[in-house]
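Numbering (my numbering), first residue to last: 5 to 321.
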Ligand SMILES: Nc1ncnc2c1ncn2[C@@H]1O[C@H](COP(=O)(O)OP(=O)(O)O)[C@@H](O)[C@H]1O
Ligand SMILES: [Mg+2]
């Protein structure tokens, strides 16, 4: 009930995104208002071209509105510099894409560590943190693989690990199950549900109405506007936690993700677009132990990269 528990994390006011001029002018978003509370799990639906990706990209600071105001965690982010935006994005927002968007030339371990480039810690520490979170996703055995060597479901779980590693305020997912079969979709949704239940805020685009059972709120868009907006869970019932309380991510024990197969060609297609690969200037910063991955260390406390027999730990069946 307290406002503390239901803090507003995103506020869009009259946001429009316009393309073209004159006769060719069109709106991907039209005068869009949206308020998101911490702990919501919002699913966004609507026909192709209605502006869902544009909305996520604006929320995620990958794109800029033509007009309107945008407050992220209380900060007006509409007019900050590109560099600040990139930094803010890396710290506050985790992305999950339909095509996984792992960088094809980097190992799984390096991919997962990418968002930490802005954290100010050294590469060795970044890789250790990535190793740690991959262990929790039962993907440690694959950390020196290249993305193409993993199935689609595994790649998406790597992408989820990557989205969480910098302990963001919000997870944005654009059709994260769009390229997966139903079994792998289910695994991904269980993962997201677990992340949400620990107090994280998730905004996800989907075409699949069956998935809306995971959401606390379902928004249907049409022609760049909100058509319907239905909360299925009251604000006071939203899970607590979130960034300020160092939400942890536990991996569900009863799954054997290593077994997920490549089910179609699209499973191995990756796209590196939208992924920041440049090195950050803060490399100089001394090895600060201030940031921890958003992972509860349930088993091993050391994060040595040596043999990981821990895979089966907790994975019954
Ligand atoms: N770079 C662009 N240039 C011109 N029009 C664009 C651009 N990106 C998106 N659009 C248009 O904006 C509208 C919304 O696109 P998008 O947000 O990708 O929709 P959705 O994700 O719902 O399918 C579409 O009509 C699309 O053609
Ligand atoms: Mg889209």
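We treat Cβ as the ideally placed atom computed from N, Cα and C, and that holds for glycine.
- Taking the CA atoms as reference points, residue 150 sits about 6 Å from residue 112.
- DSSP, read as helix, strand or coil, puts residue 31 in strand.
- Here the alpha carbons of residue 102 and residue 143 stand approximately 20 Å from one another.
- Look at the beta carbons and you see the region 82–97 not touching the region 201–217: under three pairs across the two are nearer than 8 Å.
- The Cβ neighbour count for residue 104, taken over all protein chains shown within 10 Å, is at least 16; the residue is labelled buried.
- Take the alpha-carbon of residue 110 and the one of residue 153: they are about 12 Å apart.
- Selection 128, 131, 132 and 194 evaluated against residue 160 yields 194 as nearest (Cα-Cα).
- Around the beta-carbon of residue 53, fewer than 16 other beta-carbon atoms lie within 10 Å, marking it exposed.
- With a cut-off of 7 Å, the C-beta of residue 56 is classified as near ligand 2, since at least one heavy atom of the ligand falls inside that distance.
- Between the C-alpha atoms of residue 17 and residue 148 there is a straight-line separation of about 44 Å.
- Secondary structure remark: continuous beta strand (DSSP E) runs of at least 3 residues inside the region 185–255, in chain order: 205–209, 221–226 and 229–235.
- In summary, residue 241 is exposed, with fewer than 16 beta-carbon neighbours lying within 10 Å of its beta-carbon over all protein chains present.
- For residue 71, the Cβ stays outside the 7 Å cut-off from all heavy atoms of ligand 1.
- In this structure, residue 81 has its CB at a distance of at least 7 Å from all heavy atoms of ligand 2.
- Fully enclosed alpha helix (DSSP H) runs of no fewer than 4 residues occupy 86–96, 112–117 and 127–140 of the region 83–159, in order along the chain.
- Beta-bridge annotation (DSSP): residue 39 is paired with 15.
- Counted as a single uninterrupted DSSP element, the beta strand (DSSP E) harbouring residue 46 occupies residues 45–49.
- In the three-state scheme derived from DSSP, where H, G and I count as helix and E and B as strand, residue 52 is classed as coil.
- With a cut-off of 8 Å on Cβ pairs, the region 224–232 is in contact with the region 49–67, counting three or more such pairs.
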